[in-house]
Structures are given as structure tokens and as C-alpha cells.
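A.B. asks: Just passing along the structure, written as C-alpha cells.
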Amino acid sequence: MTNIVGIDLGTTFSAISRVEEAGKPKIVPNKDGKNITPSVVEFLDDGSVLVGDEAKKSIGYNDENIVQEVKRSMGEDVTYERFGTTHTPITISSMILKKLKQDFEAVYGEITSVVVTVPANFSNDAREATKKAAELAGLKLEHTINEPTAAALAYALQSESNLNGKYAIYDLGGGTFDCTIATIKDKNIDVETSEGVNKLGGKDFDEKITEIVSSKYKEATGQDLDPKEFTPNDAEDIKISLSSKDSAKARVAGQVLDVTREEFEAATSTLITKAEMSVEAALRNVGIDASGIEDVILVGGSTRMPMVVESLKKMFGKEPKLFGNPDESVALGASIYAAHNTNSEDLNPLQRQQMQNFSLTEAAPFYFGTIYYNTDEGKTRVRNIINKDEKIPCEFTENFVTRHDNQTAVDCSVTQAGADLDDPDMVQIIWDGTLDLEGGYPAGQPIQITYGYKEDGTMTCRFKDVTSGAEKNIDLTIGSDGGKPLEDEFDPDAFQVD
Ligand code: AMP
76 MTNIVGIDLG
86 TTFSAISRVE
96 EAGKPKIVPN
106 KDGKNITPSV
116 VEFLDDGSVL
126 VGDEAKKSIG
136 YNDENIVQEV
146 KRSMGEDVTY
156 ERFGTTHTPI
166 TISSMILKKL
176 KQDFEAVYGE
186 ITSVVVTVPA
196 NFSNDAREAT
206 KKAAELAGLK
216 LEHTINEPTA
226 AALAYALQSE
236 SNLNGKYAIY
246 DLGGGTFDCT
256 IATIKDKNID
266 VETSEGVNKL
276 GGKDFDEKIT
286 EIVSSKYKEA
296 TGQDLDPKEF
306 TPNDAEDIKI
316 SLSSKDSAKA
326 RVAGQVLDVT
336 REEFEAATST
346 LITKAEMSVE
356 AALRNVGIDA
366 SGIEDVILVG
376 GSTRMPMVVE
386 SLKKMFGKEP
396 KLFGNPDESV
406 ALGASIYAAH
416 NTNSEDLNPL
426 QRQQMQNFSL
436 TEAAPFYFGT
446 IYYNTDEGKT
456 RVRNIINKDE
466 KIPCEFTENF
476 VTRHDNQTAV
486 DCSVTQAGAD
496 LDDPDMVQII
506 WDGTLDLEGG
516 YPAGQPIQIT
526 YGYKEDGTMT
536 CRFKDVTSGA
546 EKNIDLTIGS
556 DGGKPLEDEF
566 DPDAFQVD
């Protein structure tokens with residue numbers, strides 16, 4: 076049996092979907108029968124590890140042995156020490172993926188092909204980290220897909236009506252927020268832009284509930300709230316209740332405290348404003364106003380909060396579209412994409428029929444550039460080589476020249492930024508290295524820099540000494556140790572604009 080699978084590896088919850096024999100994607104419940112699995116890992120002193128619901132239940136009681144929300148640190152140099160072992164966001168993510176894999180394979184057998192989703196604004200390092208986690212979990216990961224794109228795919232392929240126009244995908248999950256604008260015509264999806272906030276999600280709303288309850292508790296008792304008496308899970312329960320009720324009761328150490336939706340909405344209005352600013356930025360990137368959007372599609376469990384719907388109604392003047400279960404559409408779309416990328420001989424006729432007739436074009440999530448010496452300004456600057464929202468796949472070349480006579484090397488860098496910036500201090504350097512030159516030439520020797528961005532979200536960069544043909548090629552998906560700061564010996568004078 077072919078098992079074509081999509082995994083939504085979320086900050087707070089993860090989900091797995093399979094393309095069924097009839098060609099439709101379907102969420103596969105975990106062994107506890109739940110469609111979503113908490114992305115929580117708990118280490119026990121007997122050496123065993125719990126992943127998912129069991130681990131989540133211990134939040135607030137065994138926090139020192141729990142690791143959660145690692146998605147927020149993917150690609151970063153973060154470690155967690157538990158019982159003498161060092162874990163990283165990659166190893167923790169691999170445990171979550173392994174749990175999904177095991178529960179799935181217990182029912183269906185081995186996974187044939189898999190796609191894992193990532194937020195649209197994930198950096199190259201974070202994407203790379205996700206791939207490593209999949210590899211560690213024993214998954215052969217061919218592709219990642221951006222979460223809002225996966226959701227758009229699920230929407231386009233399962234929509235009853237004919238889609239035609241620009242659609243906004245508003246994705247507020249447990250830890251990240253993305254707003255993507257895509258042109259959808261029937262089953263052809265063309266991603267125009269994505270804007271987002273990496274650290275904005277349900278968790279931030281839970282924390283506001285805890286703040287409200289803490290201050291009410293203090294007011295009622297004069298005491299500080301003991302975190303064990305009111306755990307983050309309790310806060311989440313109150314938050315979820317407030318999505319369907321005007322007020323909810325927090326029971327804390329013998330006290331019953333009322334939290335109203337009004338209080339909650341007042342406390343979280345800045346979070347909603349942050350999301351609104353991203354939506355506005357996305358509209359600006361595409362050069363349209365809210366009236367140019369056909370429909371707003373809700374994705375992510377946190378879009379169940381009435382204030383999200385209200386905010387979108389205010390911005391767009393119409394009701395956003397809730398399609399299916401908002402925390403399942405990303406995984407569903409990922410499995411559709413996995414089938415799309417599967418050799419058609421491995422699909423049955425029904426699956427093949429469902430998967431053809433759709434196309435997908437992604438957009439570059441960042442500006443990618445290089446640092447060079449700008450002779451006119453007399454200082455180093457960033458020259459962008461691939462612009463944000465450039466259609467993928469793409470390849471661009473920029474020409475530079477050496478600055479000094481008899482130059483024997485140029486320092487090369489790859490920069491990444493969310494905006495069109497030319498100040499080297501404002502951008503992230505995701506790779507740096509040296510291209511050795513033969514020497515013996517006068518200044519002005521041509522250096523050609525070519526960046527290519529592939530459909531699978533990976534980038535190749537080529538630094539070429541045109542005179543000798545010597546090249547430095549970097550594939551930013553393999554062995555990238557990006558994100559490090561400029562090294563001391565970096566010579567910013569090494570090359571300049573042609
Ligand atoms: P996701 O990653 O899409 O599964 O979203 C998970 C987030 O959605 C978590 O922070 C949940 O607390 C939140 N969530 C789920 N259901 C609701 C609800 N009814 N109201 C508010 N937040 C919710």
C-alpha cells in the first residue's frame with residue numbers, strides 16, 4: 076500500500092494526513108484517537124520519553140522535564156539539558172515526528188513519501204533544521220511546503236465553488252502567524268506574498284489569560300498566584316471557553332474567578348493589531364487594498380477566537396471563510412502536495428485523477444543579497460540578488476569587480492532580510508566564506524554572483540571568478556551553518572559593485 080503523507084509540525088500541535096485510495100486527503104488520528112497531537116515532549120527519570128497528550132498533561136507539574144514550543148527556536152543555537160542529555164530543537168522535533176510516524180505506521184504500515192510543512196517566514200536555517208529532524212525520525216523527506224500554501228491547496232482542491240481572484244490566507248496557530256495572498260484560479264495557485272510574525276500565536280493569548288487571572292487572584296487574596304495552581308493548560312482551557320462564551324470561571328486554590336471575553340479582548344488587542352499590521356503589509360506587497368481580496372480563508376486553531384473574525388470583518392468588510400477544521404487544513408494540503416510530487420506510477424488511477432490539473436507557484440520569502448563595497452558611498456552595502464516575492468523557481472546574476480590590484484581572495488556572504496535593506500547591520504548573514512583568486516591581476520577583475528531559488532524552498536549561490544573560472548558554490552540546504560555573525564577577518568573591501 077502506498078502511504079502518501081503530509082505532516083503539519085506545529086508549535087503547539089502537530090497533525091498527519093494521508094491521501095486515501097479514493098484520492099482524498101484525510102487526517103489520521105493518533106493512537107489516542109485524536110486528530111491533533113500536542114508538540115510536547117516529557118522526559119521521565121526512568122529514561123522514558125512521553126510525547127503528545129500524556130506529556131501535555133504534565134505541564135505545570137513537571138515543567139523542568141518538559142520541552143515544548145521548540146518550533147519557535149528551529150534553526151537557532153538552543154539546547155535543553157534533561158537528565159544529563161543535551162537536546163536541541165531538531166532532536167525534540169524528531170521525537171514528535173517519530174511519534175506521528177509510529178502511530179501512523181501501526182495502522183497503515185510504512186510511510187512511502189512525506190511532506191512536512193513550515194511557516195512561510197521560516198529562515199533557511201529553520202527549514203534545514205526541519206529537514207534534519209525528519210531525517211532523524213526516519214522519514215525520507217523530499218519536500219517541505221509553506222503552511223499557508225498547503226492550506227490554500229487544501230482549500231482550492233476541496234472547494235465546491237469555482238475560485239477566481241486573490242485570496243488571503245490568515246493562519247494563526249499555536250505559535251506563529253502568517254498572512255499569505257495567493258491568486259487562485261480553479262486549481263491553479265500562485266502565491267504572491269507572505270508576511271508574518273514568527274512568535275505570535277495561541278500561546279501568547281494563553282499568557283494574557285494567566286496575567287488576568289494572576290492579577291484577579293492577587294486582588295482577591297493579596298497573594299501571588301502559585302503557577303502550579305493555575306497551569307498554562309488551565310489558561311488555554313479558559314481561552315477556548317471564551318471563544319464560545321462571554322465569561323469563564325477560573326478555579327484557583329479555592330477561589331472562583333470570573334474572566335470575561337471583554338477583559339480578554341482588551342488584554343490581547345495588541346496581539347491582534349500585530350497580526351493586522353502583517354495583513355496590511357501583505358496587501359501593500361501585492362499593491363492592492365482589502366477590497367481586492369475575494370475571500371479570507373481562516374487557518375489555525377486560534378482563528379476560532381471571535382476577535383479574529385471581528386478584526387477581519389472590519390478590515391475586509393466581509394465574513395472570513397472557515398473551511399473544514401482550521402487546525403487540520405495545513406496537514407491535508409501537505410499530503411496533497413506529497414501526492415503531487417509522487418511518481419505517478421505509484422498512485423492509483425483515482426489518486427492520479429485528483430492530483431492532476433493543479434499547479435502551484437511559490438514566492439521567495441525573503442530578500443537574499445550579498446555584502447559589497449559601494450565606491451560611491453565609500454562603505455559596505457547590501458546588494459539584493461533575489462527579491463522577496465520573486466516567483467520560484469528563479470535565478471539571478473549580479474556583477475561585481477575586485478577592489479585591489481593583485482587581490483588573492485574575496486570574502487563572500489549571503490544575506491537575508493524581510494525588507495529591502497542595504498545596511499549590512501540590519502540584515503542576517505546566513506552564510507559567509509572565501510573565494511580564492513589566482514592573484515597577479517589589476518583591480519577590476521570581474522566577480523559574478525548567481526543565486527537560484529528552487530521549488531523545494533532551497534537556494535544555491537555561486538560566487539565566480541570570471542577570469543579563471545574558479546567558483547565557490549553553496550547549497551544552502553546542505554550543511555548550512557548559517558546565521559552566524561561576521562567573522563573578525565571579514566574583509567569588507569574585498570569587492571565592489573561593477
Ligand atoms: P494549531 O497549531 O492550528 O492546531 O492551533 C493551536 C492553537 O489553537 C492553540 O494555541 C489552541 O489553544 C488554539 N485553539 C484551538 N481551539 C481554540 C478555540 N476554540 N479558541 C481559541 N483558541 C483555540
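Quick note: to get this note's numbering, add 75 to the position in the sequence shown (first position is 1).
Even for Gly, the Cβ is constructed at its ideal location relative to N, Cα and C.
Predicted model only: the values in this text are computed from it and were never measured.
1. At 3 residues or longer, what runs of the beta strand (DSSP E) sit wholly inside the segment 462-534?
2. For a test of your reading of the model: does the CB of residue 380 fall under 8 Å from any non-hydrogen atom of ligand 1? Yes or no.
3. Determine contact between the segment 222-238 and the segment 259-269, defined as no fewer than three beta-carbon pairs at a distance below 8 Å.
4. Consider the C-beta atom of residue 328 and the heavy atoms of ligand 1; say whether any pair is separated by less than 8 Å.
5. Assign residue 191 to one of two classes, buried (16 or more other C-beta atoms within 10 Å of its C-beta) or exposed (fewer than that).
6. Got a sec: does ligand 2 put a non-hydrogen atom nearer than 8 Å to the Cβ of residue 130?
7. Do you know offhand how far residue 339's Cα is from residue 470's?
8. Examine the Cβ distances between the segment 345-355 and the segment 313-332 and report whether three or more of them are shorter than 8 Å.
9. Which of helix, strand or coil does DSSP assign to residue 325?
10. What's the C-alpha gap between residue 77 and residue 443?
11. Residue 337: which of 287, 300, 303 and 328 sits nearest, CA to CA?
12. Which of the three DSSP states is assigned to residue 561 in this structure?
13. Indicate, with yes or no, if ligand 1 has a heavy atom lying under 8 Å from the CB of residue 261.
14. Who are residue 91's beta bridge partners in DSSP?
15. Alpha carbon to alpha carbon, what distance is there between residue 403 and residue 83?
16. By how many angstroms is the C-alpha of residue 115 removed from the C-alpha of residue 135?
17. Can you give the Cα-Cα distance for residue 454 and residue 477, rounded to whole angstroms?
18. Locate the beta strand (DSSP E) running through residue 419, then write down its first and last residues.
19. Roughly how many whole angstroms lie between the Cα atoms of residue 383 and residue 520?
20. For residue 158, does the three-state DSSP call read helix, strand or coil?
21. Helix or strand or just coil, what does DSSP make of residue 568?
22. Just the C-alpha distance for residue 67 and residue 156, rounded to the nearest angstrom, thanks.
23. Among 260, 302 and 298, which residue has its Cα nearest to the Cα of residue 285?
24. Any heavy atom of ligand 1 inside 8 Å of the beta-carbon of residue 87?
25. Confirm the yes/no value for this check: CB of residue 337, any heavy atom of ligand 1, distance under 8 Å.
26. Taking all protein chains shown into account, decide if residue 464 is buried (16 or more other Cβ within 10 angstroms of its Cβ) or exposed.
C.D. replies: Looking at the coordinates:
1. Secondary structure remark: continuous beta strand (DSSP E) runs of at least 3 residues inside the segment 462-534, in chain order: 469-477, 484-492, 503-511 and 521-528.
2. For ligand 1, at least one heavy atom lies less than 8 Å from the Cβ of residue 380.
3. The segment 259-269 and the segment 222-238 touch, with three or more beta-carbon pairs separated by less than 8 Å.
4. In this structure, ligand 1 has no non-hydrogen atom nearer than 8 Å to the beta-carbon of residue 328.
5. Around the Cβ of residue 191, a 10 Å sphere holds 16 or more other Cβ atoms; the residue is buried.
6. With respect to ligand 2, the structure shown offers nothing to examine, as its ligands consist of ligand 1.
7. Their Cα atoms are separated by approximately 48 Å.
8. Below 8 Å, too few C-beta pairs join the segment 345-355 and the segment 313-332 to call them touching: fewer than three.
9. The answer is strand: DSSP assigns residue 325 an E or B state.
10. Answer to the nearest angstrom: the Cα atoms are 38 Å apart.
11. The shortest C-alpha separation from residue 337 is found at 287.
12. Residue confidence is low: residue 561 scores 32 on pLDDT, short of 50, so the model does not pin down where it sits. Its coordinate-derived value is still stated next. DSSP places residue 561 in the coil class of the three-state scheme, outside both helix and strand.
13. Incorrect: residue 261 has no Cβ contact closer than 8 Å to ligand 1.
14. Paired residues: 82.
15. Per the coordinates, the alpha-carbon of residue 83 lies some 8 Å from the alpha-carbon of residue 403.
16. Looking at the two C-alpha atoms, the distance is approximately 13 Å.
17. Whole-angstrom Cα-Cα distance: 15 Å.
18. From DSSP, residue 419 is part of no beta strand (DSSP E); its letter is neither H nor E.
19. One C-alpha to the other measures close to 56 Å.
20. In this structure, residue 158 counts as coil in the three-state DSSP scheme.
21. In this prediction, residue 568 scores a pLDDT of 46, lower than 50, which makes its location untrustworthy; the coordinate-derived value is nonetheless stated afterwards. When DSSP states are grouped into helix, strand and coil, residue 568 belongs to the coil group.
22. No answer is possible for residue 67: the residues shown for the chain start at 76 and end at 573.
23. Across the set 260, 302 and 298, the C-alpha of 302 shows the shortest separation from the C-alpha of residue 285.
24. Checking every heavy atom of ligand 1 against the Cβ of residue 87, one is found closer than 8 Å.
25. Outside the cutoff, so no.
26. Around the beta-carbon of residue 464, 16 or more other beta-carbon atoms lie within 10 Å, marking it buried.
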